[in-house]
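In the numbering used here, the protein residues as written are 109 to 248.
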């Protein structure tokens, strides 16, 4: 379990770093008085990735306290990692290209954002369910 926690910490730190770096174009968009859509896109990338990376690091810190079998531990860690990288693609790229990716509609840039969002959302859901299940197993 220790090796999984280290992997989750590493990938969480990478996601956090990408989120923090997304603060640069966020601040630039504000100071250059870009449209609200552009500012909001970079705000979501900056805050969402920073929170996601921090959450991954927090989960890694409690992983050793959970009574998880190896399969559930791997599901928890790798679904979180996949989710983080899905959002690392979707959020900055969406802010840069001006797409939100809420539907699978054309153009292709919107579809890339949509697929990244779906990977991120599904991975997050699986990770959260595995975490809750792991906590319940440990408590009961």
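C-beta: ideal position from N, C-alpha, C; glycine also.
Suppose you measure from the CA of residue i to the CA of residue j; what does that come to, to the nearest Å?
{"i": "residue 246", "j": "residue 189", "result": "23 Å"}
{"i": "residue 174", "j": "residue 237", "result": "14 Å"}
{"i": "residue 223", "j": "residue 147", "result": "22 Å"}
{"i": "residue 181", "j": "residue 248", "result": "17 Å"}
{"i": "residue 242", "j": "residue 176", "result": "6 Å"}
{"i": "residue 134", "j": "residue 240", "result": "34 Å"}
{"i": "residue 149", "j": "residue 212", "result": "18 Å"}
{"i": "residue 151", "j": "residue 130", "result": "8 Å"}
{"i": "residue 114", "j": "residue 165", "result": "9 Å"}
{"i": "residue 141", "j": "residue 110", "result": "46 Å"}
{"i": "residue 139", "j": "residue 179", "result": "48 Å"}
Around the C-beta of residue i, are 16 or more other C-beta atoms found within 10 angstroms, so that it is buried, or is it exposed?
{"i": "residue 163", "result": "buried"}
{"i": "residue 143", "result": "exposed"}
{"i": "residue 278", "result": "What is shown of the chain runs 109 to 248, which leaves residue 278 out entirely."}
{"i": "residue 137", "result": "buried"}
{"i": "residue 105", "result": "Any question about residue 105 goes unanswered here, given that the chain covers just 109 to 248."}
{"i": "residue 185", "result": "buried"}
{"i": "residue 124", "result": "buried"}
{"i": "residue 183", "result": "buried"}
Please report the Cβ distance between residue i and residue j, rounded to the nearest whole angstrom; I am assuming they are in contact, meaning their Cβ atoms lie under 8 Å.
{"i": "residue 218", "j": "residue 207", "result": "4 Å"}
{"i": "residue 128", "j": "residue 158", "result": "6 Å"}
{"i": "residue 121", "j": "residue 203", "result": "About 21 Å separates the two Cβ atoms, so there is no contact after all."}
So, using beta-carbon positions, are residue i and residue j closer together than 8 Å?
{"i": "residue 193", "j": "residue 220", "result": "no"}
{"i": "residue 235", "j": "residue 172", "result": "no"}
{"i": "residue 210", "j": "residue 168", "result": "no"}
{"i": "residue 196", "j": "residue 132", "result": "no"}
{"i": "residue 199", "j": "residue 156", "result": "yes"}
{"i": "residue 187", "j": "residue 231", "result": "yes"}
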